[in-house]
Amino acid sequence: MSWLMNLVVILSVTALVAWAFRFAGQKLTHNKPFFRDMPFAVAFGYVAGLLVLIAAVSYYFRPVAVNGVPSAGVIFFRWAVQGFIGFAIAAYLFRLFGRSVGTAGTRKLFRAMPLTAAFGVLIILLYALVSIFAGSIAPYGQEEILANANIVPGGNPLMGGDPNFPLGTDQIGRDIYSRLIYGAQNTVGIAFATTCLAFFVGGSLGFLAAIVGGWLDQILSRAVDVLMAIPALIFALLLMTIASVWSNQLGIDRTIFMILIIAMIDSTRVYRLARAVGQNIVVMDYIEAAKLRGEGMGYLIFKEILPNATAPLLAEFGLRFCFVFLTIASLSFLGVGIQPPLADWGTMVKDLSQFINFAAFAPNVATAPLLAAGAIALLTVAVNFVVDWMLHKSSGLKD
Amino acid sequence: MTQQLLKIRGLKIEGKSDEVWTPIVNGIDLDLQKGEVLGLIGESGAGKSTVGLAAMGFTRDGCRISGGTVDFDGVDLVAASAAVKRNMLGKRIAYVAQSAAASFNPAHRLIDQHTEAPTQHKIRAKAESALDGMELYRRLRLPDPDNIGFRYPHQVSGGQLQRAMTAMAMSCRPDLIVFDEPTTALDVTTQIEVLAAIRDIVEQFDTAAIYITHDLAVVAQMADRIKVLLRGDEVEEAETRAMLAAPREDYTKSLWAVRSFQRPAKPAISAGSTPIVSLKNVSAAYGKSPVLFDVAFDIHAGRTVAVVGESGSGKSTTARCITGLLPPSEGYIEFNGEALPLDYRKRSKDQLRQVQMIYQMADTALNPRSSIGDIIGRPVQFYSGLTGSAKRKRVEELLAQIELEPGQYIDRLPSELSGGQKQRIGIARALAAEPQFVICDEVTSALDQLVAEGILKLLAQLQDDLGLSYMFITHDLATVRAISDEVVVMKDGKVVEQGPKAEMFQPPHHPYTDLLLSSVPEMDPDWLTNLLNGRGVDNIGDAAVGKM
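Respectively, the protein sequence lines represent chains X and Z.
Just so you know, my numbering puts 258 at position 257 of the first sequence, and the rest follows in order with no gaps.
Just so you know, my numbering puts 138 at position 150 of the second sequence, and the rest follows in order with no gaps.
What follows is the structure in structure tokens.
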């Protein structure tokens, strides 16, 4: 139980230091409101944050190799920190670039952009470029099986890596770096198309239900209830099984069916949101004015309601995009999604997942499955940064 | 011997907009003796609410006190710690907000919310403070004071809720209460009850009060002294009677003069002319509950008919029947002698064009995501088919007509306009259809008096230029006096009385019209006292009911 003792000691020392910090602050600044009204929990947070920072910095400056044996933990931690700082600087420069180049409109856009949003936009652009030019960026093909299987990421021969394969190779000897790049093309492209389709269908029907109300609303809503009552993944599996038969008969790519099926299932969630948001908007006087003018349904939905519903729909878009992503990964995992040998991040995580077991004694080996997972996570974070910013902008919120 | 309670010196407050701190209040001084009532008046944006909150050492989110002191009974609330303020607020200083409905927690009973502050400050035990609450309800003349506290906020009326909130503020017997427009959202007849209740209880407990309002007539009844604010600066301060009798500054005089606008009377309607709009015994219901009963009146070309009544009297429902949003269950509506289809969906484009509406809340009446050019341009394009530069030219004409500079406003969004400007855009949108008949639904009630007067003058001007007919829905009799030719008084979905304006403002009245007229506050500081004496103070709550 020594770790428990350590934890208790660390926490109590932090608490003591926090109390002293606040006390000293109050005395030294002669009771400035900042220290005077500071709750103890906030002081504790400051001190704990400082401790974590010190620990991180000291870990960062530990030697890379002890007695000629490289310590993978320190190396990867340095890469992570360098990557983080590098991206932050890149985002800053990107924003600076946007502020000085382009039309007056885009310059204004960039001036009001927080750094997180610049980071998000940059990452999304990067992903887009990578997926468009995957064929010319990737050093190897996504299906190409190379001589050596299971090469460890890192590219350092002392740690079992190979400089030719900086991110290593998978269990049958395909280059992970190349597969990640092709995975962007497959996974991101399909997820984006699916989410857009889900939003178009769910959004239009939801707004329609909100405006018309009555029996149309009842029919649509109850139909959606029925669809939502079936567990999404099992439903998708069922439909994919049927679709696989059809795709063979009709000669249509199974991926198309997957897009349609996931879009349909996810559009039910979008429908619920669009209907709820729409119902709040249709009671506004400007909708009444438009109705009394004799406007048609299309004008009401796309010109009057949609611009006012963008904020919540955008927020949902960010979230939904990530869910679609995960659904595709799950389906691929279960063998009905994107078919091997096409590279897909979800499948890659699954294929390499047994390496997680090595985490305790060889952390660099365990990073292999995390690469694809990290690619998913990075995009998810980037999308949500951008969505948060748009949300902030369109809702006119002030901080 | 009076005793200084509140002393504000050089108070400066800044607000954050677009990441920049801009001054809202520039150095206000304010003194308040124990038991004294100070009225703060000014237009919206004058900083009166901000000053009122600062008197409690508090600012809204995004604001900060950047200078000056707020000395409350020897304690500087600007410098005081959160703990000191917590001990002070609710116990020695209390606040009554404008919208009681939005300020009560809808999930708790009134009495439970009432007992919260005294228990928190350890002044009284919960049971004791509940008894005290009933006593306060009795003094505020709430009906059934022993049981009303066990209701939820939605189970009592707006005026009763406002009084319950005043009782809540009184629960710790504070030295100072800040009233922030407590009667603005109420009907005139309800307003009187609340005003009388507040005035009495403030006198009984010798509480000092800051009374914030934009209504001069109200402040004249309540305050011992009046302070006029304009854009964060003090204009002048004087004893109530002195200020009413002889305002010093031009701005104060202009506030006084607002109520004097009155358009000249028009000649009587020639007999036998067809009215533009004629309601033929219209009845209507929401679902199964009937709301309108046999409503019938005519609106003639080029004239203004004011429809007056309290909230819930069916004024707006009548408008919904005319526009066709709520098809009448019985009766019909004639337009230029022809019956209109009851449902708006069945009306032709031209029939729709002829009847336009201007709404009370310009905020919800204009699509916040459309530019001004689009908002006005859409009906132009929709009805006349103009596009491109011809449409733009017409929009510019319309903007000029409502006295806004076209080049400056055409590309803006509604959020970039002031309240009065937004209402003007609402008018332009109605005009863009080139209608004969316009329904104005409480168009000035959300605006400051000076701005409202501008809107009324504009509407009168447009009527003269374009020969429009108006149906003017309002609860404000000053507006009726200013603009109407004929008056229709409604109550509980029925027309109580109707006739030319001159007749309506002369006795004899229908008793309800009488009640409405006598409830409109006047500038005379003795008006409330005299009125209450006339009606009998003890049963003022029932007076309104008994007289009908």
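For every residue, glycine included, the Cβ atom is placed at its ideal position computed from N, Cα and C.
Asked                                                                                                                                                                                : Found
Tell me, please, whether the region 194 to 206 of chain Z touches the region 400 to 415 of chain Z by the rule of three or more beta-carbon pairs shorter than 8 angstroms.          : no
Excluding the five sequence neighbours on either side, which residues of its own chain have a C-beta within less than 6 angstroms of the C-beta of Cys309(Z), listed in chain order? : Val270, Ala272 and Pro316
How is Trp4(X) classed by DSSP in three states: helix, strand or coil?                                                                                                               : helix
Please list, in chain order, the residues of the region 311 to 323 of chain Z that have any C-beta partner in chain X closer than 8 angstroms.                                       : Thr311, Gly312 and Leu313
Could you tell me which residues DSSP pairs with Glu430(Z) in its beta bridges?                                                                                                      : In the DSSP output, where bridge partners are listed per residue, Glu430(Z) has none listed.
Under 8 angstroms, Cβ to Cβ, is there at least one residue of chain Z near Asp286(X)?                                                                                                : yes
Contact defined as beta carbons within less than 8 angstroms: I believe Leu28(Z) pairs with Leu217(Z). What is the distance between those atoms, to the nearest angstrom?            : 6 angstroms
I'd like the ranges of any alpha helix (DSSP H) spanning at least 4 consecutive residues and lying wholly in the region 308 to 389 of chain Z.                                       : 337 to 342, 350 to 353, 360 to 372 and 376 to 389
Establish whether the CB of Ala185(X) and some CB of chain Z are separated by less than 8 angstroms.                                                                                 : no
Does the contact criterion of 3 or more C-beta pairs under 8 angstroms hold for the region 291 to 300 of chain X versus the region 354 to 372 of chain X?                            : no
On a Cα-Cα basis, can you pick out the residue from Phe46(Z), Asp19(Z) and Pro94(Z) that is closest to Arg74(Z)?                                                                     : Phe46(Z)
Go ahead and pull the three-state DSSP assignment for Val296(Z).                                                                                                                     : strand
Mind reading off the beta-carbon distance from Ile125(X) to Val387(X)? Whole number of angstroms is fine, and I expect it under 8 angstroms.                                         : 7 angstroms
Output needed for Ala353(Z): all residues of its chain with C-beta closer than 7 angstroms, excluding positions within five of it in sequence on either side, in chain order.        : Tyr347 and Gly414
Below 8 angstroms CB to CB, which residues in the same chain sit around Ser242(Z) once its five sequence neighbours on both sides are set aside?                                     : Leu438
Within 10 Å of its beta-carbon, does Val10(X) have 16 or more other beta-carbons around it, so buried, or fewer, so exposed?                                                         : exposed
Could you tell me if Val343(Z) is buried or exposed, where buried requires 16 or more neighbouring beta carbons within 10 angstroms of its beta carbon?                              : buried
Assuming Ala537(Z) contacts Leu164(Z) under a Cβ cut-off of 8 angstroms, what Cβ separation, rounded to an integer in Å, is found between them?                                      : Not covered by the structure: residue 537(Z). The range shown for chain Z is -11 to 536.
Going straight from the alpha carbon of Ile235(X) to that of Ile263(X), what length do you get?                                                                                      : 12 angstroms
Going along the chain, which residues of its own chain have a beta-carbon closer than 8 angstroms to the beta-carbon of Trp9(Z), five neighbours each way excluded?                  : Glu2, Gly3, Arg52 and Ser54
To the nearest angstrom, report how far apart Gly84(X) and Ala92(X) are at their CA atoms.                                                                                           : 12 angstroms
With a CB to CB cut of under 6 angstroms and the five nearest residues on each side skipped, what residues in its chain are close to Arg213(Z)?                                      : Leu26 and Glu227
Please specify which runs of the beta strand (DSSP E), each continuous and at least 3 residues long, are wholly inside the region 146 to 229 of chain Z, giving them in chain order. : 164 to 168, 196 to 201, 213 to 218 and 221 to 227
If you follow the beta strand (DSSP E) that Tyr83(Z) is part of, which residue opens it and which one closes it?                                                                     : Ile81 to Val84
With DSSP collapsed to three states, give me the class of Arg223(X).                                                                                                                 : helix
Can you round the beta-carbon distance between Thr306(Z) and Leu280(Z) to whole angstroms, since I take them to be within the 8 angstroms contact cut?                               : 6 angstroms
Report back the beta-carbon spacing between Leu392(Z) and Arg412(Z) to the nearest angstrom; my notes put them in contact at under 8 angstroms.                                      : 6 angstroms
Between Ala234(Z) and Lys445(Z), what straight-line distance do the alpha-carbon atoms span, to the nearest angstrom?                                                                : 26 angstroms
Would a check of beta-carbon distances place Asn269(Z) closer than 8 angstroms to chain X?                                                                                           : no
Output needed for Ile377(X): all residues of its chain with C-beta closer than 7 angstroms, excluding positions within five of it in sequence on either side, in chain order.        : Phe326 and Trp346
Can we say the region 56 to 66 of chain Z touches the region 127 to 142 of chain Z, given the rule of at least three CB pairs closer than 8 angstroms?                               : no
Do the region 176 to 186 of chain X and the region 205 to 222 of chain X make contact, defined as three or more Cβ pairs closer than 8 angstroms?                                    : no
Would you list, in sequence order, the uninterrupted alpha helix (DSSP H) runs of no fewer than 4 residues that lie entirely inside the region 123 to 203 of chain X?                : 135 to 138 and 177 to 184
Which chain X residues sit within Cβ distance under 8 angstroms of Arg74(Z)?                                                                                                         : Result: empty, since nearest Cβ-Cβ is about 10 angstroms, beyond 8 angstroms.
May I ask you to list, following chain order, the residues of the region 20 to 51 of chain X that have a beta carbon less than 7 angstroms from some beta carbon of chain Z?         : Arg37 and Asp38
Note down, in chain order, each residue of its chain lying with its Cβ closer than 8 angstroms to the Cβ of Glu21(Z), except the 5 sequence neighbours on either side.               : A small correction: the amino acid at residue 21(Z) is Gln; Glu does not occupy that position in the sequence shown. Taken in chain order, the residues that qualify are Thr(-10), Gln(-9), Gln(-8), Leu(-7) and Ala196.
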